[in-house]
Structures are given as C-alpha cells and as structure tokens.
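Per the numbering used here, numbering through the sequence shown is continuous, rising by one, with the last residue being 318. We put the beta carbon where it would ideally sit given N, CA and C, even for glycine. Owing to the predicted nature of the structure, the values given are computational and were not obtained by experimental measurement.
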Amino acid sequence: MINIISYLLIILGLLVVLYYALDIAWNLLKLVRAYLAPLFLPSEEKSLVHKYGSWALITGSTDGIGKAYATELAKRGINIVLVSRNIDKLQKTQKEIEANYSVKTKIIQADFSLGKKAVDIVKEEIGEIPIGILVNNVGKQYEYPMYLGEVPEEELWDIIKINVGAVTLLCKMFVENMRIRGKGAIVNVSSGSELQPLPLMTVYAATKTYVKNFTQALQYEYASKGLTIQHLAPMFVATKMNHFSDRIHKKSLFVPDAESYAKYAVSTLGVLDDSSGYWTHGIQTFFTKLPPEWIRMYIGGYLNQLFREDYLRNLKS
Ligand SMILES: NC(=O)c1ccc[n+]([C@@H]2O[C@H](COP(=O)([O-])OP(=O)(O)OC[C@H]3O[C@@H](n4cnc5c(N)ncnc54)[C@H](OP(=O)(O)O)[C@@H]3O)[C@@H](O)[C@H]2O)c1
Numbered sequence: 002m003i004n005i006i007s008y009l010l011i012i013l014g015l016l017v018v019l020y021y022a023l024d025i026a027w028n029l030l031k032l033v034r035a036y037l038a039p040l041f042l043p044s045e046e047k048s049l050v051h052k053y054g055s056w057a058l059i060t061g062s063t064d065g066i067g068k069a070y071a072t073e074l075a076k077r078g079i080n081i082v083l084v085s086r087n088i089d090k091l092q093k094t095q096k097e098i099e100a101n102y103s104v105k106t107k108i109i110q111a112d113f114s115l116g117k118k119a120v121d122i123v124k125e126e127i128g129e130i131p132i133g134i135l136v137n138n139v140g141k142q143y144e145y146p147m148y149l150g151e152v153p154e155e156e157l158w159d160i161i162k163i164n165v166g167a168v169t170l171l172c173k174m175f176v177e178n179m180r181i182r183g184k185g186a187i188v189n190v191s192s193g194s195e196l197q198p199l200p201l202m203t204v205y206a207a208t209k210t211y212v213k214n215f216t217q218a219l220q221y222e223y224a225s226k227g228l229t230i231q232h233l234a235p236m237f238v239a240t241k242m243n244h245f246s247d248r249i250h251k252k253s254l255f256v257p258d259a260e261s262y263a264k265y266a267v268s269t270l271g272v273l274d275d276s277s278g279y280w281t282h283g284i285q286t287f288f289t290k291l292p293p294e295w296i297r298m299y300i301g302g303y304l305n306q307l308f309r310e311d312y313l314r315n316l317k318s
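So, in structure tokens, the structure goes:
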C-alpha cells in the first residue's frame with residue numbers, strides 16, 4: 002500500500018514539474034517570437050487590422066511612448082485617433098503620420114487632468130468610430146523624486162485623475178463595444194515602478210499598481226470574450242518624463258528611446274498579456290523580481306535619492 006502511494010506521489014510530482022517546464026518553455030517561445038518580430042516587420046503588417054479592427058485610439062500621443070506607439074500602429078496600416086492636451090502638438094503629430102503612412106487620422110484635444118470632463122469630450126468626438134485598439138498611455142509623475150509632503154496637492158490629484166481615472170473610464174467606454182464585436186485590444190501602460198512600493202515616487206508608483214491590478218482583472222473578465230487586454234510595464238525610456246536626471250533621460254542599452262521601445266512593444270500585442278515591452282526591460286524585470294519586496298523598495302528609494310540629487314544639483318548650477 003505504502004509503495005503504491007509513493008509511486009502515485011512520484012508521478013504527481015513529475016506531472017507538476019512537467020507542467021511548469023512546459024509553461025516556462027511556452028512563455029519563453031512567446032517572448033522570443035514577440036521580440037524577434039520587429040526584425041521581420043513586413044510580415045507583421047496588416048495583421049493587427051484583421052485581428053482587432055481598423056482604428057486605434059492612443060492617449061498622450063503627442064510625445065514620448067504614445068507618439069511612437071501611434072506611429073508604429075500607423076506603419077501597420079491602422080487609422081489613428083490621437084488624444085492629447087496640446088492642439089499644436091496634436092496637429093504636428095497628425096501631419097507627420099499622414100505624410101508618412103496612408104492611414105486616416107483624427108485628433109482630439111482633451112486634458113485628462115480635468116477628469117471626467119476630458120473623458121466626455123473623447124466620447125462625444127469619437128461618436129461611431131469603431132475603436133479596435135485602445136492604448137491607455139497617458140501618464141503623469143512628479144516633477145522630480147519628492148517626499149509626499151513636498152508634492153503640491155494639485156499635482157497629486159492630477160496624477161490620480163490621469164493615471165487612474167482616465168484609464169478606468171476609457172476602458173469602460175470602449176470595452177463593451179469590443180465585446181459585442183467579439184474583437185479588440187486594450188493596452189494599459191503602467192510602469193516597472195508597480196513592482197514594489199517606490200519611495201519618493203510614492204503616489205505615481207501606487208497608481209501604476211492600480212493599473213496593473215485593474216488590467217489583470219480585466220484580462221480575466223474579457224479574454225474569454227475574444228479580447229486582448231495587455232498590461233504593458235516599461236522600465237526607463239528616454240522621454241521628457243525623465244528630464245530630472247540624465248541617467249534616465251539619455252538613451253542607452255537599458256534606456257531605449259521611445260521609437261525603439263514602441264517598435265518592440267507593439268510586436269508584443271496579442272502575444273504577451275503581461276510585458277515590459279522591450280527586450281532589455283524584460284531582463285531588468287526578471288532580475289528585479291528575484292529579491293524580496295523590501296530589498297526592491299530599498300533599491301528603488303536609493304535610486305530615486307540619486308535622481309533627486311541630480312535634479313537639485315542641476316537646479317543650483
Ligand atoms: N518614460 C519612462 O521612463 C516610463 C517608464 C515607465 C512607464 N512610463 C509610462 O509610459 C507612459 C508614457 O510616458 P512618456 O515617458 O512617453 O511620457 P511623455 O514623454 O511625458 O509623454 C506624455 C504624453 O502624454 C501627454 N499628456 C501629458 N499630460 C496630459 C494630460 N493631462 N492630458 C492629456 N495628455 C497629456 C503629453 O502631452 P504633451 O506633449 O502636451 O506634454 C505627451 O503626449 C506613461 O503612462 C508613463 O507613466 C514611462
């Protein structure tokens with residue numbers, strides 16, 4: 002009897018190991034496929050249109066990751082709705098896209114620090130346009146790493162309205178129509194800062210944790226309805242958001258520019274539900290997750306102290 006139980010336990014153990022080995026191998030394959038895809042871009046073109054529909058809406062799309070992501074989608078033949086706060090930058094981005102790609106575009110001026118008012122503007126302007134891909138990219142962080150007591154109250158409130166409010170209400174606005182059509186994709190951009198509490202960027206990181214949890218729960222609700230719901234969590238990308246320190250504002254192997262980042266990030270759409278979006282960021286995320294959370298928080302706080310010193314030193318000089 003004891004022998005039979007031992008054999009059964011061994012078989013069970015082997016099955017569990019096999020399951021995890023296959024799971025890891027499958028995820029690795031998907032990763033390799035997503036990150037190699039940009040090298041074979043022509044074969045990727047148009048496939049997103051068939052999969053999700055012909056229109057995409059990207060928030061915060063006049064600069065940085067949002068603008069580069071919109072351009073990548075246009076390159077793949079998708080019509081683009083640009084949503085941002087500055088009309089001159091919107092028109093400039095629209096012109097650039099239309100000059101380079103044969104797609105339709107539409108611009109919507111909306112400042113998400115206005116909360117629901119901005120979301121209502123988007124609703125009215127979109128009308129019947131069937132949005133197949135929604136990219137909730139707009140985001141705000143502190144001017145530079147600060148202690149909570151130093152951050153202006155209005156800035157804190159804006160961060161919550163933009164990073165949490167806009168993402169939530171825009172998902173709500175588009176997800177039902179996507180469900181009815183039985184296809185569509187939502188990309189919610191969080192940040193590597195969601196991996197642990199992050200001192201000196203406390204509220205920013207907390208809002209990104211919201212985005213992650215919200216997105217993963219949406220995956221559960223809508224994946225079975227045929228929708229792709231992606232949580233995209235970049236590490237540092239060289240954009241104006243990181244102006245406070247040259248260490249993360251200048252392009253390097255681990256800090257890509259927005260264009261390189263977006264090229265990879267778009268190719269993970271429909272392949273990886275959770276992604277850092279860029280191959281060196283994948284490596285960083287893997288190693289970041291190894292130590293316990295308190296160590297990660299300590300390192301994050303230490304780095305933010307350095308960035309804060311960079312900013313204050315520059316300010317003085
Ligand atoms: N850069 C990074 O290292 C990094 C890392 C992790 C996650 N992220 C996330 O990636 C996303 C994009 O960041 P990014 O670095 O590309 O930022 P960015 O370069 O500062 O660009 C932000 C975009 O959003 C627009 N925007 C800002 N506030 C807005 C508002 N209140 N209403 C409407 N549009 C607004 C900006 O418009 P203007 O052109 O008028 O400024 C710009 O087009 C954010 O969610 C951010 O949290 C970035």
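Exposed unless 16 or more other CB atoms sit within 10 angstroms - verdict on residue i
| i | result |
| --- | --- |
| F308 | buried |
| M236 | buried |
| H51 | exposed |
| Y53 | buried |
| I11 | exposed |
| Q197 | buried |
| K68 | buried |
| N315 | exposed |
| P153 | exposed |
| P293 | exposed |
| N80 | buried |
Residue j beta carbon less than 8 Å from that of residue i
| i | j | result |
| --- | --- | --- |
| K124 | M174 | yes |
| N137 | V190 | yes |
| T210 | E222 | no |
| G140 | G61 | yes |
| D112 | R86 | yes |
| L135 | L58 | yes |
| S261 | T269 | no |
| G271 | T216 | no |
| K117 | L170 | yes |
| G283 | L29 | no |
| A186 | G227 | no |
| L149 | N305 | no |
| I109 | E126 | yes |
Sequence-distant residues of its chain with Cβ nearer than 7 Å to residue i (five each side left out)
| i | result |
| --- | --- |
| S246 | F308, D311, Y312 |
| Y265 | Y36, P39, G278, Y279, W280 |
| S114 | D159, K162, I163 |
| L157 | V204 |
| S192 | K209, A234, P235 |
| Y102 | A75, K76 |
Nonlocal neighbours in the same chain, by C-beta distance under 8 Å from residue i, ignoring five residues either side
| i | result |
| --- | --- |
| I161 | V204, T208 |
| P131 | G54, S55, W56, N178, R182 |
| Q142 | I160, M202, Y205, M242 |
| L19 | none |
| L254 | T281 |
Neighbourhood of residue i by C-beta distance below 6 Å, restricted to the same chain and skipping five residues each side
| i | result |
| --- | --- |
| K252 | A239, D258 |
| V267 | E73 |
| K107 | V82 |
| V120 | L170 |
Practice problem: Within the stretch 57 to 142, note down every full alpha helix (DSSP H) run reaching 4 residues or more, in order along the chain. | Solution: 65 to 76, 88 to 101, 117 to 127
Every unbroken alpha helix (DSSP H) inside the stretch 219 to 290 [4 residues or more]: 247 to 250, 259 to 268, 280 to 289
Output the residue ranges of the beta strand (DSSP E) runs that lie fully inside the stretch 147 to 207 and measure 3 residues or longer, sorted by chain position.
-> 185 to 190
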